[in-house]
Every structure is written in structure tokens, then in C-alpha cells.
Amino acid sequence: NAGVTQTPKFRILKIGQSMTLQCTQDMNHNYMYWYRQDPGMGLKLIYYSVGAGITDKGEVPNGYNVSRSTTEDFPLRLELAAPSQTSVYFCASRQQGYLNEKLFFGSGTQLSVL
Amino acid sequence: KNEVEQSPQNLTAQEGEFITINCSYSVGISALHWLQQHPGGGIVSLFMLSSGKKKHGRLIATINIQEKHSSLHITASHPRDSAVYICAAHHPTSGTYKYIFGTGTRLKVLA
Numbered sequence: 130n131a132g133v134t135q136t137p138k139f140r141i142l143k144i145g146q147s148m149t150l151q152c153t154q155d156m157n158h159n160y161m162y163w164y165r166q167d168p169g170m171g172l173k174l175i176y177y178s179v180g181a182g183i184t185d186k187g188e189v190p191n192g193y194n195v196s197r198s199t200t201e202d203f204p205l206r207l208e209l210a211a212p213s214q215t216s217v218y219f220c221a222s223r224q225q226g227y228l229n230e231k232l233f234f235g236s237g238t239q240l241s242v243l
Numbered sequence: 129k130n131e132v133e134q135s136p137q138n139l140t141a142q143e144g145e146f147i148t149i150n151c152s153y154s155v156g157i158s159a160l161h162w163l164q165q166h167p168g169g170g171i172v173s174l175f176m177l178s179s180g181k182k183k184h185g186r187l188i189a190t191i192n193i194q195e196k197h198s199s200l201h202i203t204a205s206h207p208r209d210s211a212v213y214i215c216a217a218h219h220p221t222s223g224t225y226k227y228i229f230g231t232g233t234r235l236k237v238l239a
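Protein sequences, first through last, are from chains A and B. Residue 130 is where the first sequence starts when you use this note's numbering, and the numbers rise one by one after that. Residue 129 is where the second sequence starts when you use this note's numbering, and the numbers rise one by one after that.
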């Protein structure tokens, strides 16, 4: 299994540009998440999904959009990038189970909006 | 005040020392995760706890549900243990699974 694959690793955007962060997992997990990590802060939830076709907002959804057309893929779309979206982004999936629940993370995307 | 607090924020230790990282939470939880974020940025899951204690190699994690506190211990620390350690409280809300993350403890182990 490849686990959670997230691309790109780095990206620089100009203000107003758009981009999509790709996330795919091959573990057949229903739950997937997008987080952002800002310096000195805990991971903040942007959007999450509990299965194909079902998504919902997290704590900081403004300026982002997601879709979940398949169990494997959970892309995050940034529309009209702003400097406040400069951050490190992580995609994650959750392995369900009473005793073996586990989180799997992608390698992260460092995004700068200039 | 954050719902999940970690202490200390930064910790420097000499190789071989016993290390304790603490996590306190104010919300009701069903489980708590300990994560390790490598210097390169990648995050890996270390433990999931809902009660008691778990051990994996030199790592031991404990949780006290009544006191809303968890600890991560590292025995015989090594420079390769240098990383940021993050606790995450599993906070079931309305049937969905969300996590509240601490801000992390940055550990540096010196040779």
C-alpha cells in the first residue's frame, strides 16, 4: 500500500490564482480530512469527508472547496488565493476500529501565496 | 484556552535521558492519539489510547480519562527521537469523527 499520497510538495501562488491539492489513498478508508498547519498552531480542520459523495466544513473552510467523487480521492481546491492561505497543508485518512483506529497523513504541501 | 494543551512546548535532552511529554484536554473524548512529526514535516501515528497504557519499543503512552491527561514517555532517548510530538483528542460530535490537535512539543535530543 502507498498509504496517503499528496501532491504537490511545494507550490508558490500569486494572489488571485487558483490551484488544486491532490490527495489519494489506497487503504479504502471512508474518513478523509484536510488540515492546515500554521507556525505555533495545532492542525486546523478545513474540510472532511465521511465517504464518497459526502463532505462537510471544518473549522476554517473559507476560501477552500473539496469534492469526494471516489473513496480514494479527496482533492482540495483553493480559489482566489490570498496571503492568509500561506500554510502547510496535510491530507489524512482514518482507519476505523475500536482498538486499532489510526490516522494516516500525506507528506504535506508547503504553499506560499505572494 | 485551547481544548488540548501540551507541555512543555520545547524540550532539549541529552542522549539516554528519560523524557515525558504531557497532554491535557478539557473536552470529552473517546480516544487520544500521539503523533510524531519528523523534521522533514511528515506526520506518523504512534499510538491511539482510550484507556490505560500502551508500549511500543522505547515509547510508552498512558492516559487517565478521569483526570483528562495523557503522557508520552521515551526511555533511553536517542538523537533520532528529535521531532515534534503532537497529541490529538478524538472528539465525536454528531456522529462524525473530528480531532482537536495540540500545538506540539518540539523535542531535541543531543548526542
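C-beta: ideal position from N, C-alpha, C; glycine also.
*Between the C-alpha atoms of B:VAL285 and B:ASN150, what's the straight-line distance to the nearest angstrom?*
What is shown of chain B runs 129 to 239, which leaves residue 285 of chain B out entirely.
*Proximal chain B residues relative to A:MET170, where beta-carbon distance stays under 7 Å*: THR231
*Check whether the Cβ of A:VAL133 lies closer than 8 Å to any Cβ atom in chain B.*
no
*Taking 8 Å as the cut-off, decide whether the C-beta atoms of A:PHE234 and B:ILE171 are in contact.*
yes
*Give me the Cα-Cα distance between A:ARG165 and B:ALA216, rounded to the nearest whole angstrom.*
14 Å
*Taking only the alpha-carbon atoms, compute the straight-line gap between A:THR184 and A:LEU228 and give it to the nearest angstrom.*
26 Å
*Just list the beta strand (DSSP E) runs in the stretch 159-224 of chain B, keeping only unbroken ones of 3 residues or longer that don't cross its boundaries, in chain order.*
159-165, 171-177, 180-184, 187-192, 197-202, 211-221
*Establish whether the CB of A:ARG223 and some CB of chain B are separated by less than 8 Å.*
yes
*Under the rule that 16 or more other beta-carbon atoms within 10 Å means buried, what is A:ILE141, buried or exposed?*
exposed
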